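Step one of this worksheet: look at the structure below.
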Amino acid sequence: MFYTTAGTLKKEDLVPSNFSFESTVSKFDGEEKRMFISFVNRMTKWKPEERSTTKELLQDAWLHNENEESTV
1 MFYTTAGTLK
11 KEDLVPSNFS
21 FESTVSKFDG
31 EEKRMFISFV
41 NRMTKWKPEE
51 RSTTKELLQD
61 AWLHNENEES
71 TV
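Counting from 1, one number per residue, gives the positions in the sequence shown under this note's numbering.
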């Protein structure tokens, strides 16, 4: 539907260039917010080849709560 059989976007010109996921996150602050956004951004790349693998994501610091300021 959105990708060709080769895995490329069919309508790459429709990908919003000015969208800011960061502006939608209000549950976290400071370093925890930065870590969360970094984690989510690794999963939500428009181009599949730019996304992190599951194995890479499972090792992310945000999942392992390595931030001392964590409140969740």
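No residue lacks a Cβ here, since even glycine has one placed at the ideal position from N, Cα and C. Only a predicted model underlies this, so the values are computations on that prediction, with no experimental measurement involved.
Are the beta-carbon atoms belonging to residue 22 and residue 37 less than 7 Å from one another? In contact: residue 22 and residue 37 (Cβ atoms closer than 7 Å).
Reduced DSSP category for residue 5 - H, G, I as helix; E, B as strand; rest coil: Coil, per DSSP.
Reference residue 25, options 65, 52, 40, 45, closest by Cα: When only C-alpha atoms are compared, the closest one is 40.
8 Å Cβ shell around residue 16 - same chain, five flanking residues per side excluded: Within the same chain, and ignoring the five residues on either side of residue 16 in sequence, no residue has its Cβ closer than 8 Å to its Cβ.
Out of 51, 56, 57, 32, which one is the CA nearest neighbour of residue 65? Selected option, being the one with the closest Cα: 32.
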